[in-house]
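Take a look at the structure below.
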């Protein structure tokens with residue numbers, strides 16, 4: 001492959017969403033690929049990761065990371081191949097983990113780019129062996145502190161974080177109850193992932209079903225959705241319960257607070273009386289140093305199939321926005337990854 | 001003193017409050033003192049502690065401790081003197097820490113009764129060297145984890161918990177900002193306790209004043225009041241802030257939630273994005289084992305006057321209800337203790 005024959009396809013952030021993101025917020029462009037300077041590499045995107053946190057990056061608000069910039073490629077983690085190298089540390093053909101964003105090529109000076117070696121499934125570096133798996137592992141182990149016999153509830157139970165949290169909890173001897181959207185996902189969570197129960201949040205009697213599945217209350221709630229799942233979970237939290245707050249995907253596109261009454265005193269009163277620990281975390285900021293420890297623990301679990309992992313693979317960069325919208329609505333089934341090139 | 005000449009004076013819980021407690025919720029009675037059986041002691045109350053948690057015990061709701069019973073003496077910690085003993089471990093004249101409740105005498109089998117030895121100020125066992133001091137110490141050290149240069153905000157800054165938290169934070173090198181009701185208390189917090197600033201929550205511009213006193217944001221908020229103080233603090237919490245939730249006295253008598261909108265998603269979003277740790281604790285349930293460690297650390301600090309301690313002493317058991325109401329409204333200045341007998 002010679003870069004001169006290629007042009008870069010990129011999804012730019014065209015505008016910031018008001019509420020739910022729409023396709024007009026993105027614009028697909030073709031651009032020439034610049035000449036490499038000394039010390040640079042040209043990365044060809046193989047897989048692009050789509051994750052809920054990206055919704056936050058589309059806003060121009062203070063958060064844990066800088067917002068994506070208008071008229072620049074939308075941000076995102078990728079598995080890429082070094083197409084050309086003028087950098088001493090990389091050679092053509094190296095497969096790497098990078099932050100190329102929503103585009104088919106990117107030029108990099110190598111900072112933040114990590115060689116993946118000879119992984120049997122390179123795309124897993126975006127999921128079970130990457131950010132989502134690491135998030136599940138540290139949030140559950142460090143904040144959740146699971147103990148045998150405890151009840152662990154996890155929402156988005158078939159997503160890359162939830163499925164991993166639940167299976168790790170199972171290995172720790174917890175009674176694991178999942179929450180997912182639809183009967184098919186719930187069946188998968190029980191039959192394939194080994195959860196004790198999984199409740200479909202579309203059901204009218206969701207809260208009652210959840211309570212029935214947690215006869216001893218809830219000791220750990222791994223929070224990644226918020227909204228009505230949180231509302232059903234909160235009254236069931238036991239004394240000394242732990243709530244790692246990893247995500248709140250149900251509210252990412254909300255523009256207004258829900259109507260009253262204001263339940264803040266109720267939440268704070270519950271935290272006090274039931275001695276609940278609620279803690280937000282952002283995986284690489286809080287736990288970056290633990291990444292090697294995570295890989296060492298998780299890799300054999302995945303290889304020995306003690307932890308199952310499912311990808312929701314989308315073909316073609318052109319389909320990235322729709323796949324992203326679908327993921328935010330829970331229409332994915334497994335980790336959403338866009339296959340950009342062979 | 002012979003018990004046959006004495007009768008027990010006791011404040012019974014006459015009814016449960018609806019909202020703020022009123023004097024009709026209590027009834028003062030005189031009762032005969034029963035004959036001691038073998039293995040029992042008669043305790044004469046010297047000092048009765050009045051604490052915010054007692055408001056919760058007046059309700060018949062699930063909490064961390066069983067509610068007080070109707071027509072039984074109101075519960076509470078006391079410093080008592082052994083007036084008579086048929087128990088091998090206690091002799092007449094021993095001064096002890098007990099849970100005799102709001103009454104002048106109590107018969108006990110000795111369980112939960114601890115000898116105080118020769119304390120220069122026995123009533124301090126109800127404050128700086130007892131439950132409130134222990135609460136301040138563990139909540140700040142274990143959950144708050146103060147580091148030099150950080151900003152610590154503490155409400156009820158001249159109360160027994162708040163004053164201790166702030167002074168301990170000062171010793172750790174924190175920038176300590178108190179919140180208190182009234183100029184006199186604020187002056188005391190700055191001049192006597194050594195806080196960097198103290199804001200009067202009665203001021204109309206309270207939130208602005210607090211923000212101005214915390215130019216680098218807030219790293220630790222020791223929560224013991226809730227309500228408008230929490231509302232002013234929350235937006236100022238820094239990334240990785242810690243919030244030990246020790247009490248919510250402003251809301252203990254609230255019967256209804258405040259009007260909307262419901263800020264729950266905002267609170268949860270803040271916890272996530274700013275990676276805040278919020279954790280409730282109940283001192284003896286969570287940290288009972290650490291009491292000797294606390295005494296060892298705190299006693300010399302108090303003796304060397306590195307930690308100042310102020311009591312709000314009320315004379316006479318008959319005045320206990322009014323003193324209790326005043327304390328819930330913040331009219332006390334220091335730790336509220338009722339002197340029941342010499």
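Chains as they are written, first to last, in UniProt numbering: chain E, 1 to 342; chain V, 1 to 342. A virtual CB, placed ideally from N, CA and C, is assigned to each residue, including glycine. Being a predicted model, the structure only gives us computed values, none of them experimental.
{"Query": "Contact with chain E by residue 279 (chain V), beta-carbon distance below 8 Å", "Result": "yes"}
{"Query": "Alpha-carbon spacing of residue 30 (chain E) relative to residue 99 (chain E), whole angstroms", "Result": "19 Å"}
{"Query": "Interfacial residues, the region 258–284 of chain E to chain V, with Cβ spacing under 7 Å", "Result": "258, 259, 260, 261, 262, 263, 264, 265, 266, 267, 268, 269, 271, 272, 273, 274, 275, 276, 277, 278, 279, 280, 281, 282"}
{"Query": "Entirely enclosed alpha helix (DSSP H) segments - the region 216–254 of chain V, minimum 4 residues", "Result": "227–233"}
{"Query": "Inter-residue Cα distance where the pair is residue 224 (chain V) and residue 207 (chain E)", "Result": "31 Å"}
{"Query": "Classification of residue 51 (chain E) by the beta-carbon crowding that lies within 10 angstroms, buried from 16 upward", "Result": "buried"}
{"Query": "Short CB-CB distance (under 8 Å) between residue 230 (chain E) and chain V", "Result": "yes"}
{"Query": "Coil, strand or helix - residue 3 (chain V) by DSSP", "Result": "At residue 3 (chain V), the pLDDT of 46 sits below 50, so the modelled position is not reliable and the matter cannot be decided from this model."}
{"Query": "Inter-stretch contact (C-beta, 8 Å, three-pair minimum) for the region 107–124 of chain E and the region 88–96 of chain E", "Result": "yes"}
{"Query": "Any C-beta of chain E under 8 Å from that of residue 154 (chain V)", "Result": "no"}
{"Query": "Members of the region 83–117 of chain E near chain V, C-beta cut-off 7 Å", "Result": "none"}
{"Query": "Within-8 Å CB hit, residue 286 (chain V) to chain E", "Result": "yes"}
{"Query": "Expected contact under 8 Å - CB spacing of residue 340 (chain V) and residue 48 (chain V) to nearest Å", "Result": "5 Å"}
{"Query": "Proximity winner among E:78, E:304, E:230, E:315, relative to residue 127 (chain E) (alpha-carbon distances)", "Result": "E:78"}
{"Query": "Counterpart residues of residue 178 (chain V) in DSSP-defined beta bridges", "Result": "V:154, V:198"}
{"Query": "Under 8 Å (Cβ pairs) to chain E, residues found in the region 243–259 of chain V", "Result": "245, 246, 247, 248, 251, 254, 256, 257, 258, 259"}
{"Query": "Closer than 8 Å to chain E by CB, residue 182 (chain V)", "Result": "no"}
{"Query": "Residue 314 (chain E), DSSP secondary structure in three states", "Result": "strand"}
{"Query": "Inter-residue spacing [alpha-carbon to alpha-carbon] between residue 107 (chain E) and residue 11 (chain E)", "Result": "16 Å"}
{"Query": "The ligand SAM heavy atom lying under 7 Å from the CB of residue 240 (chain E)", "Result": "The model depicted lacks the ligand SAM and carries no ligand whatsoever."}
{"Query": "Three or more C-beta pairs below 8 Å linking the region 301–312 of chain E and the region 297–307 of chain V", "Result": "no"}
{"Query": "Residues of the region 196–220 of chain E whose Cβ lies closer than 8 Å to any Cβ of chain V, in chain order", "Result": "none"}
{"Query": "Where residue 265 (chain V) sits in the DSSP three-state scheme", "Result": "helix"}
{"Query": "C-beta neighbour in chain V for residue 226 (chain E), strict 8 Å", "Result": "yes"}
{"Query": "7 Å Cβ shell around residue 209 (chain V) - same chain, five flanking residues per side excluded", "Result": "199, 203"}
{"Query": "Pick from V:35, V:45, V:38, V:269 that is closest to residue 317 (chain V), judged by C-alpha positions", "Result": "V:45"}
{"Query": "Cβ shell of residue 76 (chain E) (< 8 Å), same chain only, five flanking positions each side left out", "Result": "48, 49, 50, 51, 54, 99, 100, 101, 102"}
{"Query": "Residue 2 (chain E) at chain V interface by Cβ criterion, 8 Å", "Result": "Note that residue 2 (chain E) has pLDDT 44, beneath the 50 cutoff, so the model's placement of it is unreliable and the number below is only indicative. Not one chain V Cβ lies under 8 Å of residue 2 (chain E)."}
{"Query": "Per-residue DSSP class, three states only, for residue 104 (chain E)", "Result": "coil"}
{"Query": "Three-way DSSP call (helix, strand, coil) for residue 340 (chain E) in this model", "Result": "coil"}
{"Query": "Distance between residue 311 (chain E) and residue 83 (chain E) (C-alpha atoms, nearest Å)", "Result": "26 Å"}
{"Query": "Segments of 4+ residues assigned as alpha helix (DSSP H) that fall wholly inside the region 107–149 of chain E", "Result": "131–138"}
{"Query": "Cβ-Cβ distance between residue 28 (chain E) and residue 6 (chain E) below 8 Å", "Result": "no"}
{"Query": "Under the three-state DSSP convention, the category residue 56 (chain V) falls into", "Result": "helix"}
{"Query": "Three-state secondary structure assigned by DSSP to residue 192 (chain E)", "Result": "coil"}
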